[in-house]
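Numbering (UniProt numbering), first residue to last: 1 to 367.
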Ligand code: GDP
């Protein structure tokens, strides 16, 4: 059996097979001394963190480590996929530690949306999910919006202690940390410190000026997100890049909306009413009569109804029906990673379809 090689930066076991997974180093790096993983290499030489993903068990280990350490936890979620990017187990590990909750990608929400309303919504949703954050922020890591405020809060709440940044893959954690590094260090050199055997948490350490550190944990893959069911080109279509322009459909009973071929909403009963769709501007929405919907899907998936493109149709799991009767005055029907549809007035009966494995849920309206 070959000997295990450990990264001197973060303590992870080095592997040379999968670039996306933790511990990756190109084979040529093994000839260098000391050996560091690609993630630590990039931080050291380019002041840049790169996201890598973990298995669920590895992530539990990391959470356990954070649970035992003393410091501030900064949890990042994607505001476009709040529930899908939540990390449900975290609150059990943080104990009495302070948590700052950061909703990233706020640039995607329509400009008319009041940020105070969204942060209030986030606080309530967090409480319902078992987490009591000390404070809640909205940022755009891409655009730099809100970063200074979060940095000031981090400094205030960490009280001279370490900071642990956690989030699932694709929430923009790397973009966020890279912003912080740039804001905080200017051109200064960021180096990872040496790993002490036995203490590894597979986290990389970004030194703060008072001797404490900010730790970047690898992201966990969230298996319920639509992103895992489509190929890269289609992912580009369903991932919004700019401010979302909501599309309003006045639906009669027994009408159906198709979101490409990836999801479907049947309006069964409740009188004529508006449905407001918050999804990528590039995603094609098709309205039809419910009685024709099955046949249309069968005949036109991959053509009229795409994504998925024709060549990827076979890989898409079958659509599964979720029945809901809406009870709140304003409810979002959420398709994890694809967006949501807001329905006004209680009483509607709808059936939401998504590929088997993709999360579908109701929530009190975000906007
Ligand atoms: P990580 O996997 O959590 O480290 O996420 P990345 O930093 O690699 O970002 C994942 C994707 O989200 C990339 O396509 C980013 O361009 C995008 N992203 C990151 N921050 C923002 C943001 O503030 N707004 C928008 N619209 N996209 C963002």
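Glycine residues also receive a C-beta, built at the ideal position from the N, C-alpha and C atoms.
Keep in mind the model is a prediction, meaning the values are calculated, not measured.
If the five residues before and after residue 331 are omitted, its C-beta is found closer than 8 angstroms to the C-beta atoms of 342, 343, 346, 362, 363, 364, 365, all from its own chain and listed in chain order. For the set 339, 59, 214, 50, the Cα lying nearest the Cα of residue 220 is the one of 59. In this structure, the CA atom of residue 20 is about 33 angstroms from the CA atom of residue 110. Shown here, residue 153 sits in a helix according to DSSP, grouped into three states. For residue 269, the enclosing beta strand (DSSP E) begins and ends at 263 to 269. Separation of the CB atoms of residue 82 and residue 108 is rounded to 12 angstroms, and the pair is thereby denied contact status at 8 angstroms. In the same chain as residue 91, and ignoring 5 residues on each side of it, the C-beta atoms closer than 7 angstroms to its own belong to 130, 131, in chain order. Checking the 7 angstroms criterion, the Cβ of residue 107 is within range of a heavy atom belonging to the ligand GDP. Taking 8 angstroms as the cut-off, the Cβ atoms of residue 348 and residue 319 do not count as close. Not one heavy atom of the ligand GDP sits closer than 7 angstroms to the Cβ of residue 280. Burial check for residue 140: the Cβ neighbour count within 10 Å reaches 16 or more, so the residue is buried. Per DSSP, the unbroken beta strand (DSSP E) holding residue 204 starts and ends at 204 to 207.
Within the segment 54 to 113, the runs of beta strand (DSSP E) at least 3 residues long that lie entirely inside it are, in chain order, 71 to 78, 99 to 104.
Burial check for residue 34: the Cβ neighbour count within 10 Å stays below 16, so the residue is exposed.
Looking from the CA of residue 213, the closest CA among 307, 161, 54, 314 belongs to 161. Contact between the segment 296 to 314 and the segment 39 to 49 is absent: fewer than 3 CB-CB pairs across the two stretches fall below 8 angstroms.
Taking the Cβ of residue 311 as the reference point, every heavy atom of the ligand GDP lies at 7 angstroms or farther away.
If you draw a straight line from the Cα of residue 30 to the Cα of residue 241, it is about 38 angstroms long. A heavy atom of the ligand GDP is found nearer than 7 angstroms to the CB of residue 171. Checking the DSSP bridge columns, you'll see residue 323 partnered with 351.
For residue 77 and residue 103, the gap between their C-alpha atoms comes out near 5 angstroms. The distance from the Cβ of residue 255 to that of residue 289 is about 6 angstroms, consistent with a contact at the 8 angstroms cut-off.
Relative to the ligand GDP, residue 25 has its C-beta separated by 7 angstroms or more from all heavy atoms.
Counted as a single uninterrupted DSSP element, the stretch harbouring residue 344 is not any alpha helix (DSSP H) but the beta strand (DSSP E) occupying residues 339 to 344. Straight across, the Cα-Cα distance linking residue 257 with residue 3 is about 56 angstroms.
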